[in-house]
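To start, the structure under review is shown below, and the notes come after it.
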Amino acid sequence: MEKGRMLYEGKAKKVYETDNPEYRIVSYKDDATAFNGEKKGTIVGKGAINNQMSNLLFQMLAKNGIPTHFVEELSERETVVKAVEIVPLEVVVRNVTAGSMAKRLGLEEGRELSHPIVEFYYKRDDLGDPLVTDAQIEVLELAPAKIRDEIREMALQVNELLARFMADRGILLVDFKLEFGVTESGELLLADEISPDTCRFWDIETKEKLDKDRFRRDLGNVEGAYQEMMKRVSEVQN
Ligand code: UDP
């Protein structure tokens, strides 16, 4: 597959055209940002880890009936994915209080929720990705109600599969963010990535943070946390 023109450069990835309009190539960078781009840095080896971890998790999800954009891993940092138009929503699933939910609602971090919850944020960096209600999603036409409901359902299924997969490896899935896309032919697919950049992973026993919060909060050993997560995810279960 030939890498063509660069279509888009984001904070953590670049996206290229290919010779086939149905496919694109994603290239993962070591660049890290937090707080809507205010904090910048590099996490050495992150691009390779996020690429490979995301691909592994997408394949696990696909085996369990979740349609994803994953096609083929090209190299350490590069993957062929199906071309989609991204739905402009950041879909957050939470199992345990943390981050913005804890802060906004005055809760301590680490409290288990009685059931998982799904939240939608409007993907607009210039507005700081605001929380949006179902009604706002409709009137702003961010997604048709049917697609939004399908996304919510898929996000909860991903949560069940991912939480079980992580628990088997001694990891508590606290919360995570998903993005979805629609292909030219109208198929809804899980897109973007699933990695320590986009999830909160805590060691089940020690509650040690093994994700991007180590970078956001200057907790140290950021690279070590990403490597530890890659090791856990790669473990073969009997
Ligand atoms: N998240 C993300 N990208 C964002 C915002 C959040 O991947 O732009 C992830 C984040 O890593 C966490 C989950 O979504 O796993 C919930 O994040 P939260 O709303 O608590 O926001 P934050 O604490 O990152 O401000």
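My numbering numbers the first residue of the sequence shown as 5 and each following residue consecutively. C-beta atoms are modelled at their ideal positions from N, C-alpha and C, and glycine is treated no differently.
D179 beta carbon less than 8 angstroms from that of R204: Counting from one through the sequence shown, the residue named residue 204 turns up at place 200. Counting from one through the sequence shown, the residue named residue 179 turns up at place 175. Going by C-beta atoms, R204 is nearer than 8 angstroms to D179.
Contact test: E6 Cβ vs the ligand UDP heavy atom, cutoff 7 angstroms: Here residue 6 refers to the residue found at position 2 of the sequence shown. Not under cutoff, so the answer is no.
Element boundaries [beta strand (DSSP E), containing I155]: The sequence position of residue 155 within the sequence shown is 151, counting from 1. Here I155 belongs to no beta strand (DSSP E); instead the alpha helix (DSSP H) covers 149 to 171.
Runs of beta strand (DSSP E) wholly within the region 175 to 201 (minimum 3 residues, chain order): 175 to 186, 192 to 195
Assumed close pair F184, A38 - CB separation to whole angstroms, cut-off 8 angstroms: The residue given as residue 184 occupies position 180 in the sequence shown. The residue given as residue 38 occupies position 34 in the sequence shown. About 23 angstroms separates the two Cβ atoms, so there is no contact after all.
Beta-carbon proximity list for P134, same chain, < 8 angstroms, skipping 5 on both sides: Sequence index remark: in the sequence shown, residue 134 carries index 130 (1-based). Hits under 8 angstroms: Y125, Y126, R128.
Proximity test, E157 beta-carbon vs the ligand UDP heavy atom, cut-off 7 angstroms: Along the sequence shown, read from residue 1 onward, the residue named residue 157 stands at position 153. For the ligand UDP, not one heavy atom lies less than 7 angstroms from the Cβ of E157.
Chain-order list of residues whose beta-carbon lies under 8 angstroms from that of G41 (same chain, five-residue window excluded): Position 37 of the sequence shown, counting from 1, holds the residue named residue 41. Closer than 8 angstroms at Cβ, skipping near neighbours: K15, D129.
Member of M105, L61, D207 whose CA lies at the smallest distance from the CA of I175: The sequence position of residue 175 within the sequence shown is 171, counting from 1. Minimum Cα distance to I175 is reached at D207.
For D138, the first and last residue of its enclosing alpha helix (DSSP H): The count along the sequence shown starts at 1 and reaches residue 138 at position 134. Looking at the DSSP string, the run of the alpha helix (DSSP H) that includes D138 is 138 to 143.
Residue from S199, Y20, K181 with nearest C-alpha to S31: For the purposes of this step, residue 31 is taken as residue 27 along the sequence shown, with counting starting at 1. Of the candidates S199, Y20, K181, the one whose C-alpha sits nearest the C-alpha of S31 is Y20.
Alpha-carbon to alpha-carbon, G190 and M234: Residue 234 sits at position 230 when you count from the first residue of the sequence shown. Residue 190 sits at position 186 when you count from the first residue of the sequence shown. Rounded to whole angstroms, M234 to G190 spans 33 angstroms at the Cα level.
Inter-stretch contact at 8 angstroms, needing at least 3 Cβ pairs: the region 49 to 66 / the region 101 to 109: no
Exposure label - D172; buried when at least 16 CB within 10 Å: Along the sequence shown, read from residue 1 onward, the residue named residue 172 stands at position 168. Exposed, by the Cβ-count rule.
DSSP three-state assignment for E82, whether helix, strand or coil: As a working mapping, residue 82 is identified with position 78 in the sequence shown. E82 falls in the strand class under three-state DSSP.
Continuous beta strand (DSSP E) assignments of at least 3 residues falling wholly in the region 54 to 115: 74 to 77, 82 to 86, 93 to 100
beta-carbon A102 near the ligand UDP non-hydrogen atom, thresh 7 angstroms: Taking the first residue of the sequence shown as position 1, residue 102 is located at position 98. Yes; taking the cut-off as 7 angstroms, the Cβ of A102 has a heavy atom of the ligand UDP nearer than that.
CA-to-CA distance, V97 to K181, given in whole angstroms: The residue you call residue 181 lines up with position 177 of the sequence shown. The residue you call residue 97 lines up with position 93 of the sequence shown. Approximately 6 angstroms between the Cα atoms of the pair.
Distance between beta carbons of L194 and V162, contact taken as under 8 angstroms: By 1-based counting over the sequence shown, the position of residue 162 is 158. By 1-based counting over the sequence shown, the position of residue 194 is 190. That belief holds up - the Cβ atoms of V162 and L194 are roughly 7 angstroms apart, short of 8 angstroms.
First through last residue of the alpha helix (DSSP H) which encompasses K127: As a working note, residue 127 is residue 123 in the sequence shown. No alpha helix (DSSP H) contains K127, which DSSP labels as neither H nor E.
Residue from L61, E209, D201 with nearest C-alpha to L166: One-based indexing of the sequence shown puts residue 166 at position 162. Out of L61, E209, D201, L61 has the C-alpha closest to the C-alpha of L166.
Check whether V95 and A159 have beta carbons under 8 angstroms apart: Within the sequence shown, numbered from 1, the residue matching residue 95 stands at position 91. Within the sequence shown, numbered from 1, the residue matching residue 159 stands at position 155. It is a contact, given that the beta carbons lie within the stated cut-off.
Limits of the beta strand (DSSP E) - the one that M233 falls within: Locating residue 233 in the sequence shown gives position 229, counting from the first residue. That residue, M233, is in no beta strand (DSSP E); its alpha helix (DSSP H) goes 226 to 238.
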